[in-house]
Amino acid sequence: MPLADELELPLLPAELPEFAADPMPFVEAARRAHPWLAKSNVGGYIVHGFYAARDIIGSDEDTHPFYPGIAAWYDAEGTRWGDFMSQMMNATVGEKHRRLRASAQAAFTPKNINRYRGLMRQVISGLLDEWAPKGAFDFAEFASWFPISVFCGLLGVSPDVVPRIRDALEVQGESVSLDRAMRDPLLAAFDVLWDFVDSAVREREQTARGTTGLIDTMLAARDAGMIDDTELRQNLIMFAAGGYDTSRNMLAMIVYNIIDKPAIWARCAADIAYCRRVVNEGLRHSGISTVYRVAARDFEYDAVQFSKGTMLILMVSMAGRDPAYFTDPMTFDPDRANAGQHVAFGRGQHYCIGMYLARAQIEEGLQLVAQRLPHLRLAGTPTWRSYLGISGLQTLPVMLDPAPARELTPA
Ligand code: HEM
Numbered sequence: 120m121p122l123a124d125e126l127e128l129p130l131l132p133a134e135l136p137e138f139a140a141d142p143m144p145f146v147e148a149a150r151r152a153h154p155w156l157a158k159s160n161v162g163g164y165i166v167h168g169f170y171a172a173r174d175i176i177g178s179d180e181d182t183h184p185f186y187p188g189i190a191a192w193y194d195a196e197g198t199r200w201g202d203f204m205s206q207m208m209n210a211t212v213g214e215k216h217r218r219l220r221a222s223a224q225a226a227f228t229p230k231n232i233n234r235y236r237g238l239m240r241q242v243i244s245g246l247l248d249e250w251a252p253k254g255a256f257d258f259a260e261f262a263s264w265f266p267i268s269v270f271c272g273l274l275g276v277s278p279d280v281v282p283r284i285r286d287a288l289e290v291q292g293e294s295v296s297l298d299r300a301m302r303d304p305l306l307a308a309f310d311v312l313w314d315f316v317d318s319a320v321r322e323r324e325q326t327a328r329g330t331t332g333l334i335d336t337m338l339a340a341r342d343a344g345m346i347d348d349t350e351l352r353q354n355l356i357m358f359a360a361g362g363y364d365t366s367r368n369m370l371a372m373i374v375y376n377i378i379d380k381p382a383i384w385a386r387c388a389a390d391i392a393y394c395r396r397v398v399n400e401g402l403r404h405s406g407i408s409t410v411y412r413v414a415a416r417d418f419e420y421d422a423v424q425f426s427k428g429t430m431l432i433l434m435v436s437m438a439g440r441d442p443a444y445f446t447d448p449m450t451f452d453p454d455r456a457n458a459g460q461h462v463a464f465g466r467g468q469h470y471c472i473g474m475y476l477a478r479a480q481i482e483e484g485l486q487l488v489a490q491r492l493p494h495l496r497l498a499g500t501p502t503w504r505s506y507l508g509i510s511g512l513q514t515l516p517v518m519l520d521p522a523p524a525r526e527l528t529p530a
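Okay, so the sequence shown: first residue is 120 according to the numbering used here, each after it adds one.
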């Protein structure tokens, strides 16, 4: 059986701005040469086919997270940020990973998350009160205020801190850029995040504790000896960072996909259950995550051998556009029967712990945006973030069209 190195594989230049703006011509050309695997200019291989991405991301024995190597790359081992990048939940495996995850899992059940839907609606309503009167604005920037404001509400922290934390999360999002010039800004931004969660935890320790809140759940786990104080803070930073870029990009991508589809827009305004379907189809059609992994041992998949240490870039986003699994994949169809089978939240031991929070806040955000901005339309050419890491819209210029309101007719 051939090693991946011995195959004549196409190159997928996912690091190019042209790829980020329109990946499909590149991916379709690559698919013609190999159905699921391509070489990458940034090292290793890109897995873009649905079955391969789904199976490899779910195979915890074959691959491990890539993060532990990042601190050394930035010459930041032994710093607080370096420790975070190698010890946080998404970087660890086995018993430590199970412990970190179990300490917070109860806070992320659908029942617990649904308790915060009112808070989510309050946050997005407040943002719409501020942004809608502008008439024209960048929807991607608007969306960036939403998840971090909800997260502060979840922690019971004053919204005054939001601008500072948002800036720090923007910098933390650059950690996978592998740009060494980012080392000092990354370390400084991490200190801001640390102080933020540290004071939230200290404040909570002073007050009466509940049983279902995020900090309360982890304080109970700490008191039971499951995690220590550092791990508690690292978990909170992981949740803030894991939920920031992802949720805001996903909301912006969904709005971009339906802004010219008035029937879908109107149904979103009228029906939260329909928003759920639209969010699912958005995750399939325009998922925003790329997951980096390293082969933990020699393994083979579909007649290709990978050697231990090989880097794999799992494009769970492109997996949703694979015609081998999703019929007519470029059509955005919320009524698609198998939309929910996407792997946008990953699989295996690292699947997204925050997926119910993500779904709930995007659903609520989408519905309120559709209700409050019935005449939204594009006001210019969107720009795109780099594809690798968390992809999506850099800017999405929109304006409120003074045309008559759309009728709430079924799609
Ligand atoms: C649309 C929004 C989101 C998407 C598309 C998304 C996607 C993903 C994916 C693909 C993974 C798997 C990574 C891997 O296998 O290494 C993941 C893991 C994770 N996500 Fe999300 N995510 C989203 C929102 C959130 C939110 C709101 C939170 C907040 C708690 C969050 C926290 C995490 C954490 C902590 C992990 C690591 C879990 C572990 O290693 O066990 N995510 N996410």
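Every residue gets a Cβ at the ideal spot worked out from N, C-alpha and C, and that includes glycine. None of the values given here were measured: they were computed from a predicted structure.
A check of alpha carbon separations from residue 284 across 296, 162, 269, 413 identifies 269 as the nearest. For residue 503, the secondary structure class from DSSP, reduced to helix, strand or coil, is strand. At a cut-off of 4 residues, the continuous stretches assigned as alpha helix (DSSP H) that sit fully inside the segment 373–431 are 381–389, 391–405. Under the DSSP assignment, residue 319 falls in the alpha helix (DSSP H) whose first and last residues are 302–325. Classified as buried, residue 501 has 16 or more neighbouring CB atoms from the shown chains inside 10 Å of its CB. For residue 202, the enclosing alpha helix (DSSP H) starts and ends at 199–206.
Scanning its chain for C-beta atoms nearer than 7 Å, with the 5 sequence neighbours on each side dropped, one finds around residue 491 the residues 247, 251, in chain order.
Taking a contact to require three or more Cβ pairs closer than 8 Å, the segment 305–317 and the segment 368–377 do not qualify as touching. Rounded to the nearest whole angstrom, the C-alpha separation of residue 509 and residue 279 is 26 Å.
When DSSP states are grouped into helix, strand and coil, residue 514 belongs to the strand group. With a cutoff of 7 Å, residue 476 counts as near the ligand HEM, since its C-beta is closer than that to a heavy atom of the ligand.
Going by C-alpha positions, residue 281 is about 35 Å away from residue 177.
Remark: the shortest separation between the CB of residue 410 and any heavy atom of the ligand HEM falls under 7 Å.
Here residue 261 carries a helix assignment [DSSP, helix/strand/coil]. In this chain, the beta strand (DSSP E) harbouring residue 157 covers 156–158. Between the alpha carbons of residue 381 and residue 496 lies a distance of about 10 Å.
Listed as beta-bridge partners of residue 495 by DSSP are 519. Sorting 181, 135, 164, 157 by C-alpha distance to the C-alpha of residue 417 places 181 at the top. Residue state for residue 472 is assigned as coil, using DSSP reduced to three classes.
In this structure, residue 229 sits away from residue 366, with a CB-CB distance that is not shorter than 8 Å. Membership of residue 282 in any beta strand (DSSP E) is not indicated; the residue belongs instead to the alpha helix (DSSP H) covering 281–291. Taking a C-beta distance under 8 Å as the contact criterion, residue 153 and residue 434 do not qualify as a contact pair.
Exposed is the label assigned to residue 277, since fewer than 16 other Cβ atoms lie within 10 Å of its Cβ. Excluding residues up to 5 positions away in sequence, 377, 489 lie with their Cβ nearer than 6 Å to the Cβ of residue 384 in the same chain. Pairwise C-beta distances place the segment 193–205 in contact with the segment 284–302, as three or more of them are shorter than 8 Å.
If only complete runs of 4 or more residues are kept, the segment 325–374 shows the alpha helix (DSSP H) at 333–342, in order along the chain. Secondary structure of residue 170 (DSSP, three-state): helix.
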